[in-house]
Every structure is written in C-alpha cells, then in structure tokens.
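Under my numbering, think of the first position of the sequence shown as 477, with each following residue one higher.
C-beta: ideal position from N, C-alpha, C; glycine also.
Bear in mind that the values here come from a model prediction, so they are computed numbers and not experimental data.
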Amino acid sequence: MNQNQTSQELRYQRVMLKLSGEALAGDRGFGITPEVVDRITDEIGSVASMGVSLGVVIGGGNIVRGAMASRSGMDRVQADYMGMLATVINALAVQDLLEHKGIETRVMTAIRMEEIAEPYIRRRALRHMEKGRIVLFAGGTGNPYFSTDTGAVLRAIEMGSDVVIKATKVRGVYTADPVTEPDAEFIREISFQEVVARELAVMDTPAVALCKQNSLPIIVLNLGEQGAVSRAILGEPVGTLVS
C-alpha cells in the first residue's frame, strides 16, 4: 500500500471509523492489550497519512456493556452511563498511542469532562478535522439506550462523512453468524432494507435507519486484515458494502 495517495485517488474523503471496544482487548476479551492497540493505531495512522479526514468512535464492551449489565439486574440507565465512561477510557488509550506516533488527535466527549477531553461541539470538531487532526468521539450519544453504533452514525452525519466503516473480527456481513455457523455465506453487497428485513448483524436498527435516511453507506470489514481500511477508502472491494 502506497501511503502517499493523493486525495484525488480516494473513493471516500471523510470517514467515520467505528471500532468495537472488544477490538482493543484482543484474544484476552477484556481490558486493553497494548500490543493490539499499537497495531490498531498503526492502521489508523496509515489511513490518516492518506489525507483522509478521519473521525473514530470506539465502543466500551471490553470494559462494560450497558445492555448486558442491565440484564444482570443493574438499572439500565446507570449501566449505560458506565458504558459511556468505558468508551472514554478507550479513546484516551488510543489517543495516547497515536500521539506517541506523532499523530495529532483530539478526544471529544458527549458528556462534559473538560479536565480530560474537550466537550463535543460540532463546529469545533469540524475545525479539528479540517486541520488534519483525528477526532476520537467518546461517550456515545450522551444518552442511555443508544448504542455506540448509533453514536458513530450520528457523528458521521453531523461531520458530513462519506462513509461509516465498521471494523470487526470477521470479513464482513454473512447470512448467519460465521462463528457459530460455518456454512454461513459471505455477502459482498446488500441494501439497508435487506439488512433490516433479514435481521442481519450489521449495526442495530436505529443506526441502520439513520444511514438509510441520510444515504450514508456502511462498509463492514475485518480489522485484523492488514490494510483493509485503507483499501476500502480507495474504493477496493473489501468487506461488505451496505447502501
């Protein structure tokens, strides 16, 4: 991959990258694994070097999942706020490694905590991106009952992103869960309507609905495949395209 691609060669100029919190944990499944975060930040840095205007949303499932905690008897609103705080922890970890690599980064949170990050203000976030800074959006939407997938799509729309790239542990979207059903078939392209009708695990329904309403495509790909995000941004057939 040539890291000196000009902006004219890019299929997508402004990108919102959605990472699961579990991606930071690696095989451990919990917490933050430095070696894994180092590899992820290399990929993010590679994308930034292409001249892409980049926003990143990271989940918090490696620390706490609000919906899961509520099923264990915890108050759902309280559990969701814990999940939002987990996304801030993850964003700070990624910011630290990116800045150690000389990549200018800002963390913006949906819930105010000025001592450690900037509050999310749309116009300020746009200025950061225009100046070539990577913006890490943390805290979800700032409201309980909304997933970080929905938060990523919301921020993508507000930032005028051309695409949402959801980086996962599998190649893309399948007819069933490929982990539990080895015969599941890979889907290269699919419409928003089909995703909802077939209840495929792309993003939750509110996130998919927002993308459909705003004609915002989603690319689902494997974060473990080196260079996959960069190739998708160049328009190569990587992962699954939902449009």
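Looking at the DSSP output, residue 688 sits in no beta bridge, so it has no partner there.
Sequence-distant Cβ neighbours of residue 636 in its own chain, meaning closer than 7 Å and more than five residues away, are 490. Put simply, the backbone Cα of residue 640 is about 14 Å away from that of residue 649. By the CB criterion at 8 Å, residue 643 and residue 699 fall inside the cutoff. Under the criterion of beta carbons closer than 8 Å, residue 536 and residue 562 qualify as touching, at roughly 3 Å. Judged by their CB atoms, residue 579 and residue 527 are not nearer to each other than the 8 Å cut-off. Taking the C-beta atoms as reference points, residue 663 is found nearer than 8 Å to residue 716. Put simply, the segment 616-634 touches the segment 679-690. At least three CB pairs are less than 8 Å apart. According to the DSSP assignment, residue 622 belongs to no beta strand (DSSP E), since it is labelled neither H nor E. Across the set 495, 621, 673 and 540, the C-alpha of 495 shows the shortest separation from the C-alpha of residue 531. By the Cβ-count criterion, residue 656 is exposed, with fewer than 16 other Cβ atoms from all chains shown falling within 10 Å of its own Cβ. With respect to the 8 Å criterion, residue 719 and residue 693 are classified as neighbours on the basis of their beta carbons. Between residue 488 and the set 690, 529, 598 and 515, the nearest pair of CA atoms involves 529.
Counting along the chain, residue 534 sits inside the beta strand (DSSP E) bounded by residues 529-534. Taking the CA atoms as reference points, residue 646 sits about 17 Å from residue 534.
The beta carbon of residue 707 lies closer than 6 Å to those of 714 in the same chain, with the five residues before and after it left out. Listed in chain order, the non-local C-beta contacts of residue 485 below 8 Å within the same chain comprise 710, local neighbours out to five positions each way being set aside.
Unbroken beta strand (DSSP E) runs of no fewer than 3 residues, entirely contained in the segment 648-707, are found at 694-698, following chain order. A Cβ-Cβ contact shorter than 8 Å links residue 553 with residue 620.
For residue 641, the enclosing beta strand (DSSP E) starts and ends at 639-644.
From the listed residues 518, 538, 555 and 598, the smallest Cα separation to residue 505 is found for 538. Residue pairing for residue 494: DSSP places it in a beta bridge opposite 533 and 642. With contacts defined by Cβ atoms closer than 8 Å, residue 677 and residue 612 do not form a contacting pair.
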